[in-house]
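For reference, the structure is listed below as structure tokens.
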């Protein structure tokens, strides 16, 4: 008897979290410079892109400066941002080539709604730096580990990520009763707190019935389309 795959391969899951994450801090390896706040996002290959401004440590720093960028992925539930994962990306800085600055700015604009992005594109004082990945340390609350650059960059986020995130927001905003009933069926216990849909991907769903408590529900087989994902989620919420 075949058992369903319960979760995405680790590199895919880490890339998925990175795609939803935003830089919070950056530190320069081997220097006495204090860790600084960071702003920016992650490009389509999973590489951090930092918006640096005049007067900041990395503005004008030499290329190939070794840094560690903290990326934080969170989930807003009940009006509160709750952390899902911390990723520490170590790598070497490179200026984003002029021909690629606009595309890089667009890639990070949602995570970094800063007017200085426009100045960086136009060649003003602010600049965009890309971090060429050496390795990624991941901590999700359930597991932790290290991915080398080859494993991280060769993978990709969950192919259903955009529609999955839309479904998560809709369910958490509009179907709290069904979520509670689903969690109670799965755990066999009354839910003591509000239940949230925490993760949703082609391999399954994760419910959060309370702090530090996650319940993973794998699909019978991985789904391949948004419609199939929506159907699997509906079966979880409304079993026949």
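Residue numbers (full-length UniProt numbering): 1 to 240.
The beta carbon of each residue, even a glycine, is placed where N, CA and C say it ideally should be.
Item: Per DSSP, residue 137 forms a beta bridge with which residues?; Value: 88, 146
Item: Please report how far the alpha carbon of residue 101 lies from the alpha carbon of residue 79, in whole angstroms.; Value: 34 Å
Item: Jot down the residue ranges of each uninterrupted beta strand (DSSP E) in the region 48-92, minimum 3 residues, whole runs only, in chain order.; Value: 48-52, 66-77
Item: Beta carbon of residue 126, beta carbon of residue 42: below 8 Å?; Value: no
Item: Could you check what DSSP says for residue 96 in three-state terms: helix, strand or coil?; Value: coil
Item: Take residue 161 and list the residues in its own chain whose beta-carbon comes closer than 7 Å to its own, dropping the five residues that flank it on each side.; Value: 16, 19
Item: Residue 36 and residue 111 look like a contact to me (Cβ under 8 Å); what is the Cβ gap, rounded to whole Å?; Value: Residue 36 to residue 111, Cβ: 17 Å. No contact.
Item: According to DSSP, simplified to helix, strand and coil, what is residue 208?; Value: strand
Item: Contact check, residue 179 vs residue 196 under 8 Å by CB: the rounded distance?; Value: 7 Å
Item: Please report the residue range of the alpha helix (DSSP H) in which residue 171 lies.; Value: 161-174
Item: For residue 99, count neighbouring Cβ atoms within 10 angstroms of its own Cβ and tell me buried if that reaches 16, exposed if not.; Value: exposed
Item: Check whether the Cβ atoms of residue 164 and residue 215 sit closer than 8 Å, and answer yes or no.; Value: no
Item: Taking the alpha-carbon of residue 47 as reference, which of 71, 202, 177, 185 has the nearest alpha-carbon?; Value: 71
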